[in-house]
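**Student:** Next up is a structure, given as structure tokens.
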Amino acid sequence: MDLKVLFITGCVLGAALSGCTRDTEYTEEEIQQLISGNTDILIEETVAKPWQGEQFISNIQGGTWYDVISADPKSFNLLIAEQDSATAGVIAGLHEYLVDYNYATKEWIPKCAFYDIITDEETQTVSVYYTLRDNLYWSFYGSETKIPVTSDDVVFWYNEIEGDPAFHSSAYNSQFVILDDGTAAHIDIEKIDNKTFAFHFPRMDSNPLLSTNRTFGPSFIYKKAKEEGGIQAVLDIFNVATDVHSIPSMGRWFIKEYTPGLRIVFSRNPNYWEHDSDGTALPYPDEMICSIIPDPNTQYLLFRQGSLESAGFRPEELDDAVRNSSSEKHSYTVYRADGSLLVPFWSFNQNPVNKDKPYYRWFTIKEFRQAMSCLLDRDRIISQTYRGLASPKYDFFATANPYYNPDIQLQYRYNISQALSLLKQAGFEQDADGILRDAKGIPVEFDLAIQADAGTLSDMATIVADSCAKVGIKINIRQVDFQKLVQQLTATYDWQSVFIGLGANYWPTQGSNVWPSGGNLHLWNPLQKTPATEWEARIDYLYNEGSATVDKQMAQKIWDEYQTILLEQCPVIYLVSSQSFIGVRNRWDKSNIYYDNVGGLQTQYTGLQQY
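Going left to right, the sequence shown walks through residues 0 to 610 as numbering that gives the first Met the number 0 numbers them.
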């Protein structure tokens, strides 16, 4: 490519071009060389410390961990947290999963419950029996009240919250499996006693702990609200006007204080069950104070000033962050991880509620979606947006996925000639002015929605719009408030195309509400009563079969076909997988700090340095 890019004052590449005082034009090849040289130096000054199953070292209690969140929570309600990331982040420390997965040793470990898996070869069914720890309590900040966590909490949450379709819980679909005869059957929960309960599967399941692992709320609060006020009363529980001292916790933290638009203060829960090897109660810090700061530039400045304990760095901040990490007053260590599991993708609205719109006709044509993939210049995105600190995402599963197959790759990569050929197959032609028109003569123009204030997504969208313009397609970039974007994707369906990420697919069966056609987050066409296309019907079948297949060799064949279809049909088109970097203040003991692309930054066992 003979693309030329103008760098004003030449200093955008940081230290590699420091001292430049004139405007300079570089070819793309020269840009790559400059970026490569600079990033090599940066990487040498960062620390790679993935967690490999090491035992955590005992530490001392004390200190305050200062952190930041980007938005106020919409609620403190666990159900609301399913659709609001700010709420989910705030209340995560008040709850606990039944079990956890050690991705280093590839073993499930108990968290708030112990487990036993019992299979019945004769009936080809499986059950998971959980027994809650004895020292689990719902307790309140500033109160001596302790209410035992019981099986009733889990059973009620499973049956009456997640299992009630009126709540539109993202976990609802995961309660059902498809049997060999094509009928849907429910995974039932049974209360054995106050501490023991069981999930009974009507067929075999390849990963029953993943299928049943969950968090849950206190039934003594949610049950009363549902019985007295119905659905709305449940949704209104723990709204943002609630006295936070009335919110129970069975996790590491209490919410001590909430000042809207300013901060949230967490206090260590002395009733939390987990202790280190020396018997010291976790977590180690006494408090965690989270400032509410939407602007990422302000967040970065606060970290540099020593006001925050950790911060993730955007590509444009990395050079400055690394060069200043050894500041005597506010020193920190920069950790790196390759290949983030959270990869944004491009998707197109194929919901028939928009069937009268021209873009609906375009987006439902496979060749059109494939052509869009051929107009996605990942190399340019990596060069200009990520400063070379990323790699193109051409596969479907993450490399950490047990059924990842490196031989299954996207065939529709950046190639303008191939894009034009595919568009021609689909009935599109460029007119004399170079404008692309469909078979009815309508010019191809559509919106690309991105989250407002997401600078990296904005840069990527601009590059995509520029590439599409080369074949006569006009893309209108729309920056949308995140909550409004969520509403468009899950309720109103009045969007056209979008850049978004839906989390990691470490396990192939994660995303039961995304990949099967009946899911409420089957983004491009959710809640289908029957599959709208033959390929979606096949995906439904493969997802179900893969979930039920215990034999790994047989399962690999199923998941290979599954990945191949999704990469061929392009309902979502993955963009790039970035390297990620994060700084942690050196006043904290680094012994228990790990950072990798699966577990992220692990600081849950971090205490202050002992001088």
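Beta carbons: idealized from backbone N, C-alpha and C, even for Gly.
In this text, all values refer to a predicted model and were calculated from it rather than measured experimentally.
Quick one: using the 10 Å Cβ neighbour count with 16 as the cut-off for buried, is GLY606 buried or exposed?
**Tutor:** Within the sequence shown, residue 606 is the residue found at index 607, counting from 1. That one is buried.
**Student:** Count Cβ pairs between the stretch 242-259 and the stretch 90-100 that sit closer than 8 Å; are there 3 or more?
**Tutor:** yes
**Student:** By the three-class DSSP mapping on this structure, what secondary structure does PRO147 have?
**Tutor:** Here residue 147 refers to the residue found at position 148 of the sequence shown. Residue state, collapsed to three classes: strand.
**Student:** Over what stretch of residues does the beta strand (DSSP E) that includes LEU600 continue unbroken?
**Tutor:** Here residue 600 is taken as the residue at index 601 of the sequence shown, counted from 1. Looking at the DSSP string, the run of the beta strand (DSSP E) that includes LEU600 is 599-601.
**Student:** Taking the Cβ atom as the reference point for each residue, do VAL127 and PHE175 lie within a distance shorter than 9 Å?
**Tutor:** Residue mapping note: residue 127 aligns to position 128 of the sequence shown, counting from 1. Residue mapping note: residue 175 aligns to position 176 of the sequence shown, counting from 1. Contact: no.
**Student:** Just mark GLN609 as buried or exposed, buried being the case when its beta carbon has 16 or more other beta carbons within 10 Å.
**Tutor:** Position 610 of the sequence shown, counting from 1, holds the residue named residue 609. Exposed, because fewer than 16 other Cβ atoms sit within 10 Å of the Cβ of GLN609.
**Student:** Contact between the stretch 476-495 and the stretch 550-558 is defined here as three or more beta-carbon pairs at a separation below 8 Å; is this criterion met?
**Tutor:** no
**Student:** Give the straight-line distance between the Cα atoms of CYS373 and LEU522, rounded to the nearest whole angstrom.
**Tutor:** Looking up residue 373 in the sequence shown gives position 374. Looking up residue 522 in the sequence shown gives position 523. Those two C-alpha atoms are separated by around 21 Å.
**Student:** For the beta strand (DSSP E) that contains CYS289, what are its first and last residues?
**Tutor:** To locate residue 289, count along the sequence shown from 1; it is residue 290. It spans 286-291 - the beta strand (DSSP E) in which CYS289 sits, taken as one unbroken run.
**Student:** With DSSP as the reference, label GLU560 as helix, strand or coil.
**Tutor:** To locate residue 560, count along the sequence shown from 1; it is residue 561. Note: GLU560 maps to helix in three-state DSSP.
**Student:** Is it true that the CB of ASP539 sits closer than 9 Å to the CB of SER576?
**Tutor:** By 1-based counting over the sequence shown, the position of residue 576 is 577. By 1-based counting over the sequence shown, the position of residue 539 is 540. No. Outside cutoff.
**Student:** Mind the definition here: the stretch 407-427 touches the stretch 361-373 only if three or more C-beta pairs lie below 8 Å; say whether that holds.
**Tutor:** yes
**Student:** So, helix, strand or coil for PRO343, using DSSP?
**Tutor:** As a working mapping, residue 343 is identified with position 344 in the sequence shown. In this structure, PRO343 counts as coil in the three-state DSSP scheme.
**Student:** At which residues does the beta strand (DSSP E) containing TYR594 begin and terminate?
**Tutor:** Indexing the sequence shown from 1 puts residue 594 at position 595. Taken as a continuous stretch (DSSP letters only), the beta strand (DSSP E) holding TYR594 covers 593-595.
**Student:** Taking the beta strand (DSSP E) that LEU375 belongs to, which residues open and close that run?
**Tutor:** By 1-based counting over the sequence shown, the position of residue 375 is 376. Per DSSP, LEU375 belongs to no beta strand (DSSP E) and is neither H nor E.
**Student:** Could you check which residue in SER142, SER382, PHE200 and ASN206 has the C-alpha nearest to that of ASP177?
**Tutor:** Here residue 177 refers to the residue found at position 178 of the sequence shown. Checking the sequence shown, residue 177 turns out to be Ile, not Asp. Closest by alpha carbon: PHE200.
**Student:** Is the beta carbon of VAL264 closer than 9 Å to that of GLU286?
**Tutor:** Start at 1 with the first residue of the sequence shown, and residue 286 comes out as number 287. Start at 1 with the first residue of the sequence shown, and residue 264 comes out as number 265. Taking 9 Å as the Cβ cut-off, GLU286 and VAL264 qualify as a contacting pair.
**Student:** Can you find the residues in the same chain that come closer than 6 Å, C-beta to C-beta, to PHE481, ignoring five residues on each side of it along the sequence?
**Tutor:** Indexing the sequence shown from 1 puts residue 481 at position 482. The residues GLN450, in chain order, have a CB closer than 6 Å to that of PHE481 in the same chain once the five nearest residues on each side in sequence are set aside.
**Student:** Since THR63 sits in a beta bridge, which residues does DSSP pair it with?
**Tutor:** For the purposes of this step, residue 63 is taken as residue 64 along the sequence shown, with counting starting at 1. Paired residues: GLU286.
**Student:** For GLN31, collect the residues of the same chain with a Cβ closer than 8 Å to its Cβ; drop the 5 residues on either side in sequence, then sort them by chain order.
**Tutor:** For this step, residue 31 is matched to residue 32 along the sequence shown. Only weak support exists for where GLN31 lies, its pLDDT of 48 falling under 50; the value from the coordinates is given anyway. Correct list, in chain order: SER382 and GLY387.
**Student:** Of all the options ALA165, HIS167, LYS48 and ASP204, which has the alpha carbon lying nearest to the alpha carbon of ASP119?
**Tutor:** By 1-based counting over the sequence shown, the position of residue 119 is 120. Of the candidates ALA165, HIS167, LYS48 and ASP204, the one whose C-alpha sits nearest the C-alpha of ASP119 is ASP204.
**Student:** Going straight from the alpha carbon of LEU341 to that of THR279, what length do you get?
**Tutor:** In the sequence shown, counting from the first residue as 1, residue 341 sits at position 342. In the sequence shown, counting from the first residue as 1, residue 279 sits at position 280. Going by the C-alpha atoms only, they are around 34 Å apart.
**Student:** So the candidates are ALA399, TYR359 and LEU375; which of them puts its Cα closest to the Cα of ALA418?
**Tutor:** In the sequence shown, the residue the question calls residue 418 occupies position 419. When each option's Cα is compared against that of ALA418, the closest is LEU375.
**Student:** Assuming SER266 is part of the beta strand (DSSP E), what are its boundary residues?
**Tutor:** Reading the sequence shown from its first residue, position 267 is the one you call residue 266. Taken as a continuous stretch (DSSP letters only), the beta strand (DSSP E) holding SER266 covers 262-267.
**Student:** Just tell me which of TRP156, LYS190, ALA184 and ILE236 has its CA closest to the CA of THR214.
**Tutor:** In the sequence shown, counting from the first residue as 1, residue 214 sits at position 215. Out of TRP156, LYS190, ALA184 and ILE236, TRP156 has the C-alpha closest to the C-alpha of THR214.
**Student:** Tell me the DSSP secondary structure of GLN231 in three-state form.
**Tutor:** Your numbering for residue 231 matches position 232 in the sequence shown. When secondary structure is reduced to three states using DSSP, GLN231 falls in the helix class.
**Student:** Could you spell out the range, first to last residue, of the alpha helix (DSSP H) harbouring SER420?
**Tutor:** Here residue 420 refers to the residue found at position 421 when the sequence shown is read from its first residue. Where SER420 is concerned, the enclosing alpha helix (DSSP H) stretches over 415-424.
**Student:** DSSP beta-bridge partners for LYS473?
**Tutor:** The count along the sequence shown starts at 1 and reaches residue 473 at position 474. LYS473 pairs with GLU444.
**Student:** Figure out for me which residue from ASP39, ASP187, ARG262 and PHE580 has the closest Cα to the Cα of VAL239.
**Tutor:** Start at 1 with the first residue of the sequence shown, and residue 239 comes out as number 240. Check the Cα spacing between VAL239 and each of ASP39, ASP187, ARG262 and PHE580: the tightest is with ARG262.
**Student:** For ASP151 versus LYS105, is the C-beta spacing smaller than 9 Å?
**Tutor:** One-based indexing of the sequence shown puts residue 151 at position 152. One-based indexing of the sequence shown puts residue 105 at position 106. Their beta carbons are not under 9 Å apart, which means ASP151 does not touch LYS105 by this criterion.
**Student:** Which residues in the same chain have their Cβ closer than 8 Å to the Cβ of ASN400, if we skip the five residues on either side of it in sequence?
**Tutor:** Walking along the sequence shown from the start, residue 400 turns up at place 401. Once the five neighbours on either side are set aside, the close Cβ partners of ASN400 are ASN504, TYR505, TRP506 and PRO507.
**Student:** Take ILE160 as the anchor and find which of GLU327, PRO217 and ILE499 has the nearest alpha-carbon.
**Tutor:** In the sequence shown, residue 160 corresponds to position 161, counting from 1. Taking only the C-alpha atoms, the option nearest ILE160 is PRO217.
**Student:** Check whether the Cβ of GLN609 lies closer than 9 Å to any Cβ atom in chain B.
**Tutor:** Of the chains in the structure shown, none is chain B; there is only one protein chain.
**Student:** Could you check what DSSP says for PRO207 in three-state terms: helix, strand or coil?
**Tutor:** Locating residue 207 in the sequence shown gives position 208, counting from the first residue. Helix at PRO207.
**Student:** Examine the Cβ distances between the stretch 287-300 and the stretch 560-580 and report whether three or more of them are shorter than 8 Å.
**Tutor:** no
**Student:** In its own chain, which residues sit with a C-beta less than 6 Å from the C-beta of GLU29, not counting the 5 before and 5 after it?
**Tutor:** Residue numbering aside, residue 29 sits at position 30 when the sequence shown is read from its first letter. Low confidence applies to GLU29: its pLDDT is 42, below 50, so where it sits in the model is not reliable enough to give any reading.
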